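Colleague: Before I ask anything, here is the structure I am working with.
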Amino acid sequence: NAGVMQNPRHLVRRRGQEARLRCSPMKGHSHVYWYRQLPEEGLKFMVYLQKENIIDESGMPKERFSAEFPKEGPSILRIQQVVRGDSAAYFCASSPPGTSGGDTQYFGPGTRLTVL
Amino acid sequence: KQEVTQIPAALSVPEGENLVLNCSFTDSAIYNLQWFRQDPGKGLTSLLLIQSSQREQTSGRLNASLDKSSGRSTLYIAASQPGDSATYLCAVRRGGNKLVFGAGTILRVKS
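Rendered as structure tokens:
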């Protein structure tokens, strides 16, 4: 059973370009979470999605950031018109359906975004 | 608003020493608390998960305790090894499935 997959592992963009980060959850998992780790800081929650639904986006910046988890295919975190402050490691995690408070979230290896 | 603090921020110990990492949280209404390990440039590996109804969990040389009423958890590592060198993250889960992380403790075990 493969773990959480993220691609690309490293992404370089120039200011103003778009960044698309992909996350394939573990097999059988239908809950996906995105977290961001800024340099020298801890991980911060961004968004929680289930298939075709955004459940909690309280950690998402109000502008330029969006996330989706379609019925088929990976979850996508999209950052439009990137700025240098978006440079960070973006981690995806997944958990099984029917997740309750007791379940572990399984993390992917992260995508390291560098904005030039 | 839930805040998670980890002390110390960094720790350097000789191989073989037992050590304790500390985690505190401001809101005791949590579902669970989880300890992770993060190696440089890598993702997170879950070490131990303690449910809110539990007091501790053990895995090999690791033991994590939870005191909800005081908002504290400790991760005890016995007989430390150079391979234990990593950043250790504490995270609490309240409602809504999201985890709130501390900034981590950077551990270095010297051989």
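Line order of the protein sequences matches chains H and Y. Numbering-wise (the working numbering), the first sequence opens with residue 1 and increments by one. Numbering-wise (the working numbering), the second sequence opens with residue 1001 and increments by one. Even for Gly, the Cβ is constructed at its ideal location relative to N, Cα and C. These numbers come from a predicted model, not from an experiment.
(1) Quick one: is Arg1061/Y buried, meaning 16 or more other Cβ sit within 10 Å of its Cβ, or exposed?
(2) Name the chain Y residues that come within less than 7 Å of Pro109/H, Cβ to Cβ?
(3) Any contact between the region 80 to 95 of chain H and the region 30 to 48 of chain H? By contact I mean 3 or more CB pairs, one from each, below 8 Å.
(4) For Gly1041/Y, count the other beta carbons within 10 Å of its own beta carbon; 16 or more makes it buried, fewer makes it exposed. Which is it?
(5) Determine the extent of the beta strand (DSSP E) in which His10/H is found, giving its start and end residues.
(6) What does a CB cutoff of less than 7 Å around Glu1015/Y pick up in its chain, not counting 5 residues either side in sequence?
(7) Just the Cα atoms here: how many angstroms apart are Ser1012/Y and Arg78/H?
(8) Evaluate Ser1069/Y with the Cβ neighbour count: other Cβ atoms within 10 Å of its Cβ, from every protein chain shown; 16 or more gives buried, anything less gives exposed.
(9) If you draw a straight line from the C-alpha of Pro97/H to the C-alpha of Ser30/H, how long is it?
(10) Assuming Thr1087/Y and Asn1022/Y are in contact, meaning their beta carbons sit under 8 Å apart, how far apart are those beta carbons, in whole angstroms?
(11) Using the beta-carbon count (16 or more within 10 Å), is Gln80/H buried or exposed?
(12) Name the two residues that bound the continuous beta strand (DSSP E) containing Ala1091/Y.
(13) Residues bridged to His31/H by DSSP?
(14) Select from Thr1105/Y, Arg1094/Y and Leu1099/Y the residue whose C-alpha is nearest the C-alpha of Ala1029/Y.
(15) Would you report the Cα separation of Gly28/H and Gly1043/Y, rounded to the nearest angstrom?
(16) With a CB to CB cut of under 7 Å and the five nearest residues on each side skipped, what residues in its chain are close to Ser1046/Y?
(17) Let me know the secondary structure DSSP gives Pro1014/Y once reduced to three states.
(18) Write down the C-beta distance between Leu116/H and Arg14/H rounded to the nearest angstrom, noting that I regard them as a contact closer than 8 Å.
(19) Could you compute how far the alpha carbon of Thr104/H sits from the alpha carbon of Glu63/H?
(20) Strictly by DSSP, which residues pair up with Ala89/H?
(21) Please name the residues in the region 31 to 45 of chain H whose beta-carbon is closer than 9 Å to at least one beta-carbon of chain Y, in chain order.
Modeller: So, from the listed chains and residues:
(1) Here the question's residue 1061/Y lines up with position 61 in the second sequence. With fewer than 16 Cβ atoms within 10 Å of its Cβ, Arg1061/Y is classed as exposed.
(2) One-based indexing of the first sequence puts residue 109/H at position 109. Those are Lys1042 and Gly1043, listed as they occur along chain Y.
(3) yes
(4) For the purposes of this step, residue 1041/Y is taken as residue 41 along the second sequence, with counting starting at 1. Gly1041/Y comes out exposed.
(5) Numbered from its first residue, the first sequence carries residue 10/H at position 10. Per DSSP, His10/H belongs to the beta strand (DSSP E) from His10 to Arg13.
(6) Taking the first residue of the second sequence as 1, we reach residue 1015/Y at position 15. Contacts found: Ser1080, Gln1081, Pro1082, Val1109, Lys1110 and Ser1111.
(7) Residue numbering aside, residue 1012/Y sits at position 12 when the second sequence is read from its first letter. Residue numbering aside, residue 78/H sits at position 78 when the first sequence is read from its first letter. Roughly 39 Å between the two C-alpha positions.
(8) As a first step, residue 1069/Y must be located in the second sequence, where it is residue number 69. Exposed is the call here.
(9) Position 97 of the first sequence holds residue 97/H. Position 30 of the first sequence holds residue 30/H. Straight-line Cα distance between these residues: approximately 5 Å.
(10) Translated into positions along the second sequence, residue 1087/Y becomes position 87. Translated into positions along the second sequence, residue 1022/Y becomes position 22. Taking the Cβ atoms as the reference, Thr1087/Y lies roughly 15 Å from Asn1022/Y, outside the contact range of under 8 Å.
(11) On the first sequence, residue 80/H is found 80 positions in, with the first residue counted as 1. So Gln80/H ends up on the exposed side.
(12) If you number the second sequence from 1, residue 1091/Y lands on position 91. Ala1091/Y -> beta strand (DSSP E) spans Ala1086 to Arg1093.
(13) For this step, residue 31/H is matched to residue 31 along the first sequence. Answer is Gln50/H and Ser95/H, bridged to His31/H.
(14) Position 29 of the second sequence, counting from 1, holds the residue named residue 1029/Y. When only C-alpha atoms are compared, the closest one is Arg1094/Y.
(15) Here residue 28/H is taken as the residue at index 28 of the first sequence, counted from 1. Here residue 1043/Y is taken as the residue at index 43 of the second sequence, counted from 1. C-alpha separation (whole angstroms): 20 Å.
(16) To locate residue 1046/Y, count along the second sequence from 1; it is residue 46. Contacts found: Gln1034 and Phe1036.
(17) Taking the second sequence and counting its residues from 1, one reaches residue 1014/Y at position 14. Strand, per DSSP.
(18) Here residue 116/H refers to the residue found at position 116 when the first sequence is read from its first residue. Here residue 14/H refers to the residue found at position 14 when the first sequence is read from its first residue. About 5 Å; that satisfies the 8 Å criterion.
(19) The residue given as residue 104/H occupies position 104 in the first sequence. The residue given as residue 63/H occupies position 63 in the first sequence. Taking the straight line joining both Cα atoms gives about 30 Å.
(20) To locate residue 89/H, count along the first sequence from 1; it is residue 89. DSSP output for Ala89/H lists Gln37/H and Arg112/H as bridge partner(s).
(21) If you check each beta-carbon in the region 31 to 45 of chain H against every beta-carbon of chain Y, the ones closer than 9 Å belong to His31, Tyr33, Tyr35, Gln37, Glu40, Glu41, Gly42, Leu43, Lys44 and Phe45.
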